[in-house]
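Colleague:
Residue numbers (my numbering): 31 to 421.
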């Protein structure tokens with residue numbers, strides 16, 4: 031009889047807390063409970079019709095076979111144009127760009143392909159739920175920096191310096207941030223780059239999947255474009271899921287150093303062999319669209335941000351971080367004693383609203399609300415949250 035199924039690396043890793051929270055809400059609703067769910071990190075906008083038509087056309091044209099492991103030539107060229115035009119980053123599409131089955135798989139490829147047991151990965155809290163787990167699956171140790179609201183939830187140079195050891199291999203950045211919606215400024219990035227100049231062996235991963243969802247005219251700069259040296263050490267991760275409403279198409283991509291891309295491509299050749307050909311055709315069409323649609327969608331998210339922040343501001347029990355981007359609102363419970371020792375998501379479920387607890391993001395005492403849903407749901411969720419914290 032087999033007594034141990036999971037590897038020792040996987041045994042210490044939880045399932046994705048955000049996915050689990052969403053499934054829990056769906057199960058409760060299916061069982062007849064009155065639950066307003068604001069958990070899912072998925073746009074409520076549909077994939078643009080021209081993207082869907084491009085996928086149909088590709089399938090009818092016979093583009094249903096294996097593609098090159100790193101992605102079709104056409105999509106890699108479109109990605110290279112996007113990086114150059116929008117981010118001032120020049121990559122060789124034949125050697126410095128990789129297409130994967132979602133940005134999550136691209137991040138997995140990068141860490142699994144480059145980390146060894148004993149290596150360390152610096153992760154900024156609040157962080158996307160999967161960063162620490164993927165680092166641990168690679169045998170590495172996550173080292174956390176707790177970014178403070180006083181500094182815009184962006185790490186300071188002093189914090190970065192203090193976290194670096196001889197074992198540091200990667201620094202992971204994610205702006206606009208999930209879950210906080212924070213955006214790093216050019217000056218904040220420059221300060222981090224100045225520290226990294228003294229540590230030439232550290233790589234940087236800049237997860238920019240929410241790049242096009244920004245509010246109040248907030249500027250965006252890719253970390254890879256901060257200095258020429260950072261360009262040579264930064265893997266820029268992006269995708270079409272969040273901006274174009276294409277989560278189910280599963281296309282992410284990265285641009286970065288040749289050696290890193292080569293290692294990722296080698297790994298991917300044994301894991302998936304490459305992303306779906308039809309999905310790649312759809313992603314290529316998305317990257318060639320008029321970007322006006324992205325601004326229109328961001329404007330709707332901004333209105334929802336204003337709605338939620340305005341409603342929750344009425345509670346003296348909550349501190350609401352006003353996001354500059356992404357489609358989340360991150361909220362701190364000022365006095366966690368009101369929770370009675372329970373996780374905030376359990377507490378709020380008793381009041382008919384499903385959120386994701388801050389523990390999933392390395393921020394106990396906080397919770398995340400997704401604004402990627404209709405105004406009616408947001409109003410109902412906020413009303414229940416206000417009621418829960420008024421007792």
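Virtual Cβ for every residue (Gly too), placed ideally from N, Cα, C.
1) Would you be able to state if there are at least three C-beta pairs under 8 angstroms between the stretch 56-64 and the stretch 279-287?
2) Run through DSSP, which three-state label would residue 212 get?
3) Tell me whether residue 335 is buried or exposed, calling it buried when 16 or more other Cβ atoms sit within 10 Å of its Cβ.
4) Does the Cβ of residue 86 have 16 or more other Cβ atoms within 10 Å, making it buried, or fewer, making it exposed?
5) From residue 406 to residue 350, what does the alpha carbon distance come to, in whole angstroms?
6) Got a sec? Which residues, its chain only, sit under 6 angstroms from residue 168 by beta carbon, not counting five neighbours each side?
7) Just confirm the distance between the C-beta atoms of residue 331 and residue 209, as a whole number of angstroms; I'd bet it's less than 8 angstroms.
8) Take the Cβ of residue 122 as the centre, count every other Cβ of all protein chains shown within 10 Å, and call the residue buried at 16 or more, exposed below.
9) Go ahead and pull the three-state DSSP assignment for residue 236.
10) Return the Cβ separation of residue 360 and residue 414 in integer angstroms, given the expectation that the two are a contact with Cβ distance under 8 angstroms.
11) Give me the Cα-Cα distance between residue 411 and residue 120, rounded to the nearest whole angstrom.
12) Skipping 5 residues on each side, what residues in its chain have a beta carbon closer than 7 angstroms to that of residue 288?
13) Among 257, 305, 333 and 117, which residue has its Cα nearest to the Cα of residue 217?
14) Of the residues 373, 319 and 91, which one's Cα is nearest the Cα of residue 111?
15) If you check the beta carbons only, do residue 315 and residue 81 fall under 8 angstroms apart?
16) Look up residue 199 in the DSSP assignment and say whether it is helix, strand or coil.
17) Output the distance between the C-alpha atoms of residue 102 and residue 95, rounded to the nearest integer angstrom.
18) Give every residue of the same chain whose Cβ lies closer than 6 angstroms to the Cβ of residue 403, excluding the five residues on either side of it in the sequence, and list them in chain order.
19) What are the boundary residues of the beta strand (DSSP E) that residue 331 is part of?
20) Hey, could you find the ends of the alpha helix (DSSP H) residue 54 is sitting in?
21) Return the first residue and the last residue of the beta strand (DSSP E) that residue 290 is part of.
22) Indicate whether the contact test is met: 3 or more Cβ pairs, each with one atom in the stretch 302-312 and one in the stretch 369-387, closer than 8 angstroms.
23) The alpha helix (DSSP H) spanning residue 144 covers which residue range?
24) Pull the bridge partners of residue 348 from the DSSP assignment, please.
25) If you compare alpha carbons, which of 221, 262, 243 and 248 is closest to residue 230?
26) Assign residue 401 to one of three DSSP states: helix, strand, or coil.
27) Compute the Euclidean distance between the alpha carbons of residue 189 and residue 386, then round it to the nearest angstrom.
28) Could you tell me the distance, in whole angstroms, from the CA atom of residue 249 to the CA atom of residue 106?
29) Please name the residue or residues paired with residue 150 in a DSSP beta bridge.
30) Confirm, please, whether the CB-CB distance from residue 317 to residue 109 is below 8 angstroms.
31) Counting along the chain, where does the alpha helix (DSSP H) carrying residue 117 start and finish?
32) How far does the alpha helix (DSSP H) with residue 65 in it reach, from first residue to last?
33) Between which two residues does the alpha helix (DSSP H) harbouring residue 190 extend?
34) What did DSSP end up calling residue 265 once you bin it into helix, strand or coil?
35) Rounded to the nearest angstrom, what separates residue 149 and residue 198 at their Cα positions?
Modeller: Reading off the structure:
1) no
2) The sequence position of residue 212 within the chain shown is 182, counting from 1. The answer is coil: DSSP assigns residue 212 none of H, G, I, E or B.
3) Mapped onto the chain shown, residue 335 falls at position 305. With 16 or more other Cβ atoms within 10 Å, it is buried.
4) Along the chain shown, read from residue 1 onward, the residue named residue 86 stands at position 56. Exposed: under 16 other Cβ atoms inside 10 Å.
5) Indexing the chain shown from 1 puts residue 406 at position 376. Indexing the chain shown from 1 puts residue 350 at position 320. Using only the alpha carbons, I get a separation of about 20 angstroms.
6) As a first step, residue 168 is located in the chain shown; it is residue number 138 there, counting from the start. 141, 142 and 145.
7) Taking the chain shown and counting its residues from 1, the one referred to as residue 331 is at position 301. Taking the chain shown and counting its residues from 1, the one referred to as residue 209 is at position 179. Going by Cβ atoms, the distance from residue 331 to residue 209 rounds to 14 angstroms, so no, they are not a contact pair.
8) Counted from its first residue, the chain shown places residue 122 at position 92. Exposed, because fewer than 16 other Cβ atoms sit within 10 Å of the Cβ of residue 122.
9) Counted from its first residue, the chain shown places residue 236 at position 206. In the structure shown, residue 236 sits in a strand (DSSP, three-state: E or B).
10) In the chain shown, residue 360 corresponds to position 330, counting from 1. In the chain shown, residue 414 corresponds to position 384, counting from 1. 18 angstroms between Cβ atoms; not a contact.
11) Locating residue 411 in the chain shown gives position 381, counting from the first residue. Locating residue 120 in the chain shown gives position 90, counting from the first residue. Distance between the alpha carbons of residue 411 and residue 120: 44 angstroms.
12) Working through the chain shown from its first residue, we reach residue 288 at position 258. Cβ within range, chain order: 125 and 126.
13) Along the chain shown, one-based indexing puts residue 217 at 187. Checked all of 257, 305, 333 and 117; the closest Cα to residue 217 is 257.
14) In the chain shown, counting from the first residue as 1, residue 111 sits at position 81. Of 373, 319 and 91, the residue nearest in Cα terms is 319.
15) Residue numbering aside, residue 315 sits at position 285 when the chain shown is read from its first letter. Residue numbering aside, residue 81 sits at position 51 when the chain shown is read from its first letter. Yes, they are a contact pair.
16) Taking the first residue of the chain shown as 1, we reach residue 199 at position 169. Strand.
17) Your numbering for residue 102 matches position 72 in the chain shown. Your numbering for residue 95 matches position 65 in the chain shown. One C-alpha to the other measures close to 11 angstroms.
18) Translated into positions along the chain shown, residue 403 becomes position 373. Cβ within range, chain order: 74.
19) Here the question's residue 331 lines up with position 301 in the chain shown. First-last for residue 331: 322-342, but that is the alpha helix (DSSP H), not the beta strand (DSSP E).
20) For the purposes of this step, residue 54 is taken as the residue at position 24 of the chain shown. Run containing residue 54: 47-60, per the alpha helix (DSSP H) assignment.
21) In the chain shown, the residue the question calls residue 290 occupies position 260. Here residue 290 belongs to no beta strand (DSSP E); instead the alpha helix (DSSP H) covers 288-301.
22) no
23) Locating residue 144 in the chain shown gives position 114, where the first residue counts as 1. 133-144 is the span of the alpha helix (DSSP H), which, as asked, contains residue 144.
24) Along the chain shown, read from residue 1 onward, the residue named residue 348 stands at position 318. Answer by DSSP bridge pairing, in chain order: 363.
25) The residue labelled residue 230 in the question sits at position 200 within the chain shown. Cα-wise, what sits closest to residue 230 is 262.
26) One-based indexing of the chain shown puts residue 401 at position 371. Note: residue 401 maps to coil in three-state DSSP.
27) Reading the chain shown from its first residue, position 159 is the one you call residue 189. Reading the chain shown from its first residue, position 356 is the one you call residue 386. If you take the alpha carbons of residue 189 and residue 386, they lie about 27 angstroms apart.
28) Sequence index remark: in the chain shown, residue 249 carries index 219 (1-based). Sequence index remark: in the chain shown, residue 106 carries index 76 (1-based). Roughly 26 angstroms between the two C-alpha positions.
29) Looking up residue 150 in the chain shown gives position 120. According to DSSP, which records beta bridges pairwise, residue 150 is partnered with 171 and 198.
30) On the chain shown, residue 109 is found 79 positions in, with the first residue counted as 1. On the chain shown, residue 317 is found 287 positions in, with the first residue counted as 1. Cβ distance < 8 angstroms, so residue 109 and residue 317 count as in contact.
31) Residue mapping note: residue 117 aligns to position 87 of the chain shown, counting from 1. Unbroken alpha helix (DSSP H) run through residue 117: 103-117.
32) Locating residue 65 in the chain shown gives position 35, counting from the first residue. Here residue 65 belongs to no alpha helix (DSSP H), and DSSP marks it neither H nor E.
33) Working through the chain shown from its first residue, we reach residue 190 at position 160. First-last of the alpha helix (DSSP H) with residue 190: 187-193.
34) The sequence position of residue 265 within the chain shown is 235, counting from 1. The answer is strand: DSSP assigns residue 265 an E or B state.
35) Taking the chain shown and counting its residues from 1, one reaches residue 149 at position 119. Taking the chain shown and counting its residues from 1, one reaches residue 198 at position 168. C-alpha separation (whole angstroms): 6 angstroms.
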